[in-house]
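Engineer:
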Amino acid sequence: MSELLRAAMLGGKKVPVLDSAVEPPGLPGAEDYTLADISMSAVAVVQQWAETDDLDAGENYADRLMVMFVGIADANHDGDVTDDEQGVLEVALNTGWDYLVKLGVSEEDAGALLNDWDADAAERVRDLVASALPDGEDEASADIDSFVFSDSDQGPALDAVYKKAFVIRRGKKTRINKRISGTVRLSAKQKLAVRKARMKSHSATAMMRRMKSMRLRRKTGL
Numbered sequence: 073m074s075e076l077l078r079a080a081m082l083g084g085k086k087v088p089v090l091d092s093a094v095e096p097p098g099l100p101g102a103e104d105y106t107l108a109d110i111s112m113s114a115v116a117v118v119q120q121w122a123e124t125d126d127l128d129a130g131e132n133y134a135d136r137l138m139v140m141f142v143g144i145a146d147a148n149h150d151g152d153v154t155d156d157e158q159g160v161l162e163v164a165l166n167t168g169w170d171y172l173v174k175l176g177v178s179e180e181d182a183g184a185l186l187n188d189w190d191a192d193a194a195e196r197v198r199d200l201v202a203s204a205l206p207d208g209e210d211e212a213s214a215d216i217d218s219f220v221f222s223d224s225d226q227g228p229a230l231d232a233v234y235k236k237a238f239v240i241r242r243g244k245k246t247r248i249n250k251r252i253s254g255t256v257r258l259s260a261k262q263k264l265a266v267r268k269a270r271m272k273s274h275s276a277t278a279m280m281r282r283m284k285s286m287r288l289r290r291k292t293g294l
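So the number in this note's numbering is just where the residue sits in the sequence shown, counting from 1, plus 72.
#1: Can you list, in chain order, the residues of its chain with a C-beta nearer than 7 Å to that of N132? Leave out the 5 residues immediately preceding and following it.
#2: DSSP three-state call for D152: helix, strand or coil?
#3: Would you grab the beta carbon distance between I248 and V115 for me? Rounded to a whole angstrom, and I think it's under 8 Å.
#4: Pick out whichever of V118, T124, L205 and R198 has its Cα sitting closest to the Cα of N295.
#5: Can you list, in chain order, the residues of its chain whose CB lies under 8 Å from that of D188, leaving out five sequence neighbours each side?
#6: Which term fits G254, buried or exposed, when burial requires 16 or more other beta carbons within 10 angstroms of its beta carbon?
#7: Just verifying my parser: in three-state terms, what is the DSSP assignment at T167?
#8: Starting from L185 and walking both ways along the alpha helix (DSSP H), at which residues does that stretch end?
#9: Restricting to Cα atoms, I'd like to know which of A204, A265, V256 and K272 is closest to N148.
#10: Alpha carbon to alpha carbon, how far is G159 from G151?
#11: Just to confirm, are A164 and S213 a CB contact at a threshold of 8 Å?
#12: Count the other CB atoms, across all protein chains shown, that sit within 10 Å of the CB of A145; report buried if there are 16 or more and exposed otherwise.
#13: Could you check what DSSP says for G159 in three-state terms: helix, strand or coil?
#14: Thinking C-alpha only, which one of V220, I110, D128 and G176 is nearest L264?
#15: By a C-beta neighbour count over all protein chains shown, 10 Å radius and 16 as the cutoff for buried, is G208 buried or exposed?
#16: Hey, how far is the Cα of G143 from the Cα of L200?
#17: Go ahead and label A260 buried or exposed: buried means 16 or more other beta carbons lie within 10 angstroms of its beta carbon, across all protein chains shown.
#18: Rounded to whole angstroms, what is the Cα-Cα separation between V173 and F221?
#19: Give me the Cα-Cα distance between M271 and D181, rounded to the nearest whole angstrom.
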């Protein structure tokens with residue numbers, strides 16, 4: 073998804089993989105945009121997952137969360153996670169980890185869920201997340217912005233970039249230490265859940281709110 077966005081922004085030119093430290097020439101902020109986009113999608117996936125009430129037969133909540141994260145990264149929807157898509161998935165999962173911990177999930181449960189996809193941990197985490205999320209679509213969307221585009225010590229900064237150095241190649245040990253391998257095909261219900269999460273983080277209302285905040289900050293010189 074994000075690789076396609078970056079390719080479109082560059083007019084079809086080949087772009088460096090996500091973990092490259094080199095920003096595409098002539099396109100300042102492209103890497104920042106990609107990281108922010110993945111991060112917004114990851115937080116929206118966690119929110120949408122907490123609302124899940126339509127599991128497939130034989131599916132548990134850990135299964136659902138895993139395929140929803142895969143849905144962020146699997147650009148061609150073939151079910152196979154390539155190395156480049158694994159890079160996107162790594163960023164998304166680490167953002168998900170940060171968001172879960174911010175909501176009060178223990179690091180032990182976050183690890184059991186996002187590294188091992190433990191069904192029991194999924195039940196505990198989902199219950200906690202569901203109780204901690206804000207009420208209403210607008211509030212949930214604002215919470216995505218607040219988490220992705222702000223620093224906890226500085227307050228909201230919606231035109232800033234989510235720069236928490238969680239990717240291992242950026243000098244800090246990654247929290248996600250296991251790859252998702254094999255073929256992961258999404259069912260109709262799972263695809264719908266991914267689409268709903270995407271709509272949550274990229275709604276027209278959310279985009280207008282971000283633009284309004286950016287204009288306000290520019291006027292005030294921030």
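Note that beta-carbon positions come from the ideal geometry of N, C-alpha and C, so glycine has one too.
Since this is a predicted model, take the numbers as computed values, not measurements.
Structural biologist: The structure says:
#1: What you label residue 132 is simply residue 60 of the sequence shown in a count that begins at 1. A191 and A194.
#2: To locate residue 152, count along the sequence shown from 1; it is residue 80. Correct three-state label for D152: strand.
#3: Start at 1 with the first residue of the sequence shown, and residue 248 comes out as number 176. Start at 1 with the first residue of the sequence shown, and residue 115 comes out as number 43. With a Cβ gap of about 16 Å, I248 and V115 do not count as contacting.
#4: This structure cannot settle anything about residue 295, because the visible part of the chain is limited to 73 through 294.
#5: One-based indexing of the sequence shown puts residue 188 at position 116. Same-chain partners within the cutoff: K250.
#6: Residue mapping note: residue 254 aligns to position 182 of the sequence shown, counting from 1. So G254 counts as exposed.
#7: Counted from its first residue, the sequence shown places residue 167 at position 95. It is helical.
#8: Position 113 of the sequence shown, counting from 1, holds the residue named residue 185. Residues E179 to L186.
#9: Here the question's residue 148 lines up with position 76 in the sequence shown. Measuring from the Cα of N148, the nearest candidate turns out to be V256.
#10: Stepping through the sequence shown from its first residue, residue 159 is reached at position 87. Stepping through the sequence shown from its first residue, residue 151 is reached at position 79. Going from the Cα of G159 to the Cα of G151 covers about 15 Å.
#11: As a first step, residue 164 is located in the sequence shown; it is residue number 92 there, counting from the start. As a first step, residue 213 is located in the sequence shown; it is residue number 141 there, counting from the start. Taking 8 Å as the Cβ cut-off, A164 and S213 do not qualify as a contacting pair.
#12: By 1-based counting over the sequence shown, the position of residue 145 is 73. Flag for A145 reads buried.
#13: The residue you call residue 159 lines up with position 87 of the sequence shown. It is helical.
#14: The residue you call residue 264 lines up with position 192 of the sequence shown. Per the Cα distances, D128.
#15: Along the sequence shown, read from residue 1 onward, the residue named residue 208 stands at position 136. By the neighbour-count rule (16 or more Cβ atoms within 10 Å), G208 is not buried but exposed.
#16: Taking the sequence shown and counting its residues from 1, the one referred to as residue 143 is at position 71. Taking the sequence shown and counting its residues from 1, the one referred to as residue 200 is at position 128. Cα to Cα, the separation comes out at about 23 Å.
#17: Locating residue 260 in the sequence shown gives position 188, counting from the first residue. The residue in question, A260, is exposed, as its Cβ has fewer than 16 Cβ neighbours within 10 Å.
#18: As a first step, residue 173 must be located in the sequence shown, where it is residue number 101. As a first step, residue 221 must be located in the sequence shown, where it is residue number 149. Cα to Cα, the separation comes out at about 17 Å.
#19: For the purposes of this step, residue 271 is identified with residue 199 of the sequence shown, where counting begins at 1. For the purposes of this step, residue 181 is identified with residue 109 of the sequence shown, where counting begins at 1. M271 and D181: Cα-Cα distance of roughly 28 Å.
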